[in-house]
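At position 38 of the sequence shown (counting the first as 1) the number is 353 in the numbering used here, and the numbers step up by one without a gap. Worksheet: one structure, shown below.
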Amino acid sequence: MKARDFDPSKLDVEALAKAGETLDGVWPVADLERLAASAVAGAATGEVSWQVQGEHRPMRGGQPQVWLHLKADTRVMLECQRCLQPVPVEVNAARSFLFVQGENAAAELDADSEDDVLALTRALDLKGLVEDELLLELPLVPRHEICPEPLQVAAEESAEVEEKPNPFAVLASLKRGGLPN
């Protein structure tokens with residue numbers, strides 16, 4: 316029996332789960348527009364490797380549950396928030412999703428469950444789901460452990476700081492000489 320071909324752009328999650336199949340592949344980072352936009356300008360290179368596995372989990376006294384287990388990895392060049400230079404960041408996503416019938420059931424279960432619950436569709440855009448999970452794994456404040464070059468303060472700014480009089484010097488002179496009449 317020939318294994319069924321599954322299309323990642325229109326993935327039938329229920330059929331994948333029933334078959335217990337695993338899909339994997341590689342996409343260029345540039346094909347994931349929102350992820351590529353997060354990268355330093357001109358640095359949206361590299362690849363996203365991904366894997367999904369469907370699972371049809373039997374439930375005692377009820378319908379089997381449909382699960383999708385996702386793993387995705389990539390490396391993205393982000394801007395260091397300390398030195399403003401590019402910093403390579405490894406991004407790894409690993410998440411399992413429970414699929415249920417209908418948006419209302421998904422919203423209800425998602426609020427009460429620690430598991431990620433999504434509505435079951437016949438045509439899931441796997442690329443969009445992978446991109447969403449990778450975006451959620453990006454650091455809020457990317458930075459080097461030790462910046463290669465410290466941020467240079469402009470010479471004009473440092474000279475300007477030195478020329479400002481100390482406001483407390485005026486108070487000290489008043490204290491020594493007393494208050495003028």
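Even glycine gets a Cβ: it sits at the ideal position worked out from N, Cα and C.
Per-residue burial, residue i [other beta carbons within 10 Å of its own, 16 or more giving buried]
i, result
"A421", "buried"
"A438", "exposed"
"F483", "exposed"
"E448", "buried"
Cα-Cα separation between residue i and residue j, rounded to whole angstroms
i, j, result
"G335", "P373", "13 Å"
"D327", "R375", "24 Å"
"V432", "T389", "25 Å"
"L393", "A354", "5 Å"
"A358", "P323", "25 Å"
Range of the contiguous beta strand (DSSP E) that encloses residue i
i, result
"N407", "401-415"
"S364", "362-372"
Anticipated Cβ contact below 8 Å, residue i with residue j, distance rounded
i, j, result
"E464", "C398", "6 Å"
"E329", "L435", "6 Å"
"L338", "V367", "5 Å"
Continuous alpha helix (DSSP H) stretch holding residue i: start and end
i, result
"D447", "441-452"
"K325", "Looking at the DSSP string, K325 is not in any alpha helix (DSSP H), and its letter there is neither H nor E."
"G492", "482-492"
Residue i CB to nearest heavy atom of the ligand NAP below 7 Å
i, result
"S428", "No copy of the ligand NAP appears in this structure; indeed no ligand is present at all."
Stretch pair the stretch 443-455 + the stretch 342-358: three plus CB contacts closer than 8 Å: yes
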